[in-house]
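Right, one structure below, let's go through it.
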Amino acid sequence: MSPLTSSIIISSLATGTIITASSYHWLMAWIGLEINTLAIIPLISKKHHPRSTEAATKYFLTQTAASALILFSSTINAQITGTWDITQLTTTQSNILLSMALAMKLGLAPAHFWLPEVLQGSTMNTALIISTWQKLAPMTLLYTTANNLPTPMLLIMGALSALVGGWGGLNQTQLRKIMAFSSIAHFGWILTISFLLTNIMTLNLIMYLIMTTTMFSTLIMSNSKTIKDTMTLSTLSPTLTTLTALTLLSLGGLPPLSGFIPKWLILEELTNQNLIPMAFLMAMSALLSLFFYLRLTYTTTLTLAPNTTTTPHKWRFTQQNTTLLISTTTPLSLLLLPATPLLT
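For any residue, its number in our numbering is found by taking its place in the sequence shown, counting from 1, and adding 385.
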């Protein structure tokens, strides 16, 4: 892809998200989402492989269906209340439709089936963009309308996403699919707290973005696509191996790593609101996710690939990938726990 084309696509991606995040009118939010969707399609399908074409088609269909639902929801609300203001979404039908649309946009259960397939059909870089940047526009809409959306629906979708994200990842060998189910589980936690405290929801989202970026960066740098690829990571870079293992444990939410912060705060708030069964369910679902993170940690750090050569190191060229992103996000994804009082 030419530099001009790439710059147009990436700037369109950024513009679409910014338009949605800063809009006051439902139509402007919808336009931003559409620009966002249309800009990512060439990035997904640029490999010109049947699987990437299939992934682009699936992504296009689900995102346009979700955008149509958002437009439908806002039109019903405008017809009844006479306003297109995003914060004035007061009609019950509109709230239910918007919840369904945001679930499709974010890949939340039960509308999650597209996410693992699309990530598997994309390159690692595109999968990183879909897992992080593409979540921002729908999250701004969720942040704005969280107080109006039906609480039981949010709780059910949150719990279901956390469970599906845990169960779905257990049987996977492809790292992109594992990261997709990880994303579903994390957004289940985000949805569970969205109607209670939006500041914890924002903190959870930021932590998710940092940890996912770190994880994808290590996978891109080590050129790992499946679980068995991670076994040779220790011969490539012992430092990267250690950091990958710690990032995985942080994604699992183990103290004293940064990933523990959102889980701790969410469980505390759910307990304070007397939603104890919900807190118990979320804690149990975290164990499911933790299992496949631990399995990846095991293969990365404690398993040595059978060396067929006499050299303990991989044959490799000079490192071409830039390490600026990973060196910025890794400390943040591991060491933020002491700063918890400042973050909340």
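For every residue, glycine included, the Cβ atom is placed at its ideal position computed from N, Cα and C.
Taking the alpha helix (DSSP H) that residue i falls in, what are its first and last residues?
i: alanine 671; result: 661-686
i: glycine 596; result: According to the sequence shown, residue 596 is methionine rather than glycine. Its alpha helix (DSSP H) spans residues 583-607.
i: alanine 531; result: Note, alanine 531: premise wrong, no alpha helix (DSSP H); not H, not E.
i: proline 723; result: No alpha helix (DSSP H) holds proline 723; DSSP gives it neither H nor E.
i: serine 619; result: 618-621
For residue i, which of helix, strand or coil comes out of DSSP?
i: glutamine 658; result: coil
i: glutamine 473; result: helix
i: glutamine 559; result: strand
i: threonine 611; result: strand
i: phenylalanine 735; result: Coverage of the chain is limited to positions 386 through 729, which leaves residue 735 absent and any answer about it impossible.
i: proline 641; result: coil
i: serine 387; result: coil
i: threonine 627; result: helix
i: threonine 466; result: helix
i: leucine 454; result: helix
i: alanine 652; result: It should be pointed out that residue 652 corresponds to leucine in this sequence rather than to alanine. Helix at leucine 652.
i: leucine 689; result: coil
i: threonine 715; result: helix
i: threonine 525; result: helix
i: threonine 517; result: coil
i: threonine 729; result: coil
Among the residues of its own chain, which have a CB less than 6 Å from the CB of residue i, if the five just before and after it don't count?
i: glycine 638; result: Gly644, Phe645, Lys648 and Ala671
i: isoleucine 465; result: Thr476
i: threonine 715; result: Thr599 and Leu628
i: leucine 513; result: Phe601
i: serine 568; result: Ser516
i: histidine 410; result: Trp469
Starting from the C-beta of residue i, find all residues in its chain whose C-beta is less than 7 Å away, skip the five residues before and the five after it, and write them out in chain order.
i: threonine 511; result: Leu428 and Ile429
i: threonine 400; result: Ile420
i: leucine 474; result: Asn462, Asn480, Leu483, Thr530 and Asn533
i: threonine 666; result: Before going on, a small fix: residue 666 reads as leucine here, not threonine. Excluding positions up to five away in sequence, the list reads Ala544.
i: glutamine 478; result: Ile461
i: threonine 682; result: Ala630, Leu633 and Leu634
What residue from the options has the CA that sits closest to residue i's CA?
i: isoleucine 393; options: Ile425, Trp411, Gln464 and Thr729; result: Ile425
i: methionine 586; options: Thr508, Thr620 and Leu526; result: Leu526
i: leucine 582; options: Ala531, Ser396, Thr708 and Gln478; result: Ala531
i: leucine 456; options: Leu687, Ile612, Ile471 and Met596; result: Ile471
i: glycine 506; options: Asn462, Ala441 and Pro537; result: Ala441
i: methionine 489; options: Ala453, Pro640 and Leu513; result: Ala453
i: methionine 485; options: Ile541, Pro435 and Ile514; result: Ile541
i: methionine 538; options: Ala494, Pro641, Leu655 and Tyr678; result: Ala494
i: leucine 500; options: Ser579, Ile395 and Phe566; result: Phe566
i: phenylalanine 601; options: Leu560, Ile612 and Met616; result: Leu560
i: glycine 492; options: Leu604, Met564 and Thr508; result: Met564
i: leucine 504; options: Leu487, Lys562 and Gln519; result: Lys562
i: alanine 414; options: Ser459, Phe677, Glu502 and Thr611; result: Ser459
i: leucine 423; options: Asn608, Ser387 and Tyr444; result: Tyr444
i: glutamine 335; options: Gly417, His433 and Phe676; result: Residue 335 lies beyond the residue range present for the chain, which begins at 386 and ends at 729; the question has no answer from this structure.
i: tyrosine 528; options: Thr405, Gln448, Leu398 and Pro641; result: Thr405
i: isoleucine 578; options: Thr617, Ser607, Ser396 and Pro535; result: Pro535
Once the 5 residues before and after residue i are set aside, which same chain residues still bring their CB inside 8 Å of it?
i: leucine 721; result: Met592, Ser643, Ile646 and Leu728
i: threonine 390; result: Pro427
Any alpha helix (DSSP H) of 4 or more consecutive residues that is wholly inside the region 396-448 | 411-430
What are the complete alpha helix (DSSP H) segments, minimum 4 residues, inside the region 482-512?
-> 499-506
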